[in-house]
Amino acid sequence: MSTSMRLLRNEIHPDYTRIEEIINIFVSLGYTRFSMDDKIDVYILTIAMPITDDELVNSENLKKSTIIYIDLIENDEEMYYCPKTCKKYYSYLFFENVSSREIMILEFLHRYFELYPDDIFWDCDKFFYTKKCIDKIYSKTYDPNWLYISPDSF
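If you're matching positions, the sequence shown starts at 52 in this note's numbering and goes up one per residue.
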């Protein structure tokens, strides 16, 4: 199973407005614990659901958090070809360790693609997901394995 994923876009220029919109999407989903580390060429954004003081950190709580790397530099080397659209795209977001976070990713993508329908989601292996694919998957009964099945099968 894939453990990391990328969100790809056709523009190379960093867009700080998108960072704010990405955070707003996660806030709308109930993720209110954020930390951001500015590494000059990349933001490292940690997102989590709130955990109360009496909750132990356990596997269920870890499923409600993720780390996202947001590229802030113009980087021609981080370019990927999507056979679905026959275009090249630049890496913009890198999701670290998405295993057990499938519902979080689907909910995020559904909202993200409403704002940016021309971007592509890639599983860093073989599957590319467009807005149309995500809309199809989202409209069906939820399948926790959606991320590991060809989007063409939906």
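In this text, a Cβ means the ideal position worked out from N, Cα and C, and glycines have one as well. Note that the structure is a prediction, hence the values are computed from the model and not measured.
Under the three-state reduction of DSSP output, Glu72 falls in the helix class. If you look at Ser190, you'll find it in the alpha helix (DSSP H) that goes 182-190. Contact between the segment 66-74 and the segment 186-200 is absent: fewer than three C-beta pairs spanning the two stretches fall below 8 Å. Under the 8 Å Cβ criterion, the segment 142-152 does not count as touching the segment 177-186, having fewer than three qualifying pairs.
Counting C-beta atoms within 10 angstroms of its own C-beta, Arg57 has 16 or more neighbours from the protein chains shown and is therefore classed as buried. Residue pairing of Tyr193 in beta bridges, as defined by DSSP: absent, with no partner found. Counting of Cβ neighbours within 10 angstroms places Arg152 among the buried residues, the total reaching 16 or more. Membership of Leu58 in the beta strand (DSSP E) is indicated by the continuous run 56-60. For Phe205, no beta strand (DSSP E) segment is defined, and its DSSP state is neither H nor E. CA-to-CA, the gap between Phe172 and Phe85 works out to about 22 Å. Taking 8 Å as the upper bound for CB-CB distance, Leu80 and Phe159 are in contact here, some 7 Å apart.
Rounded to whole angstroms, the gap between the alpha carbons of Leu96 and Asp194 is 27 Å.
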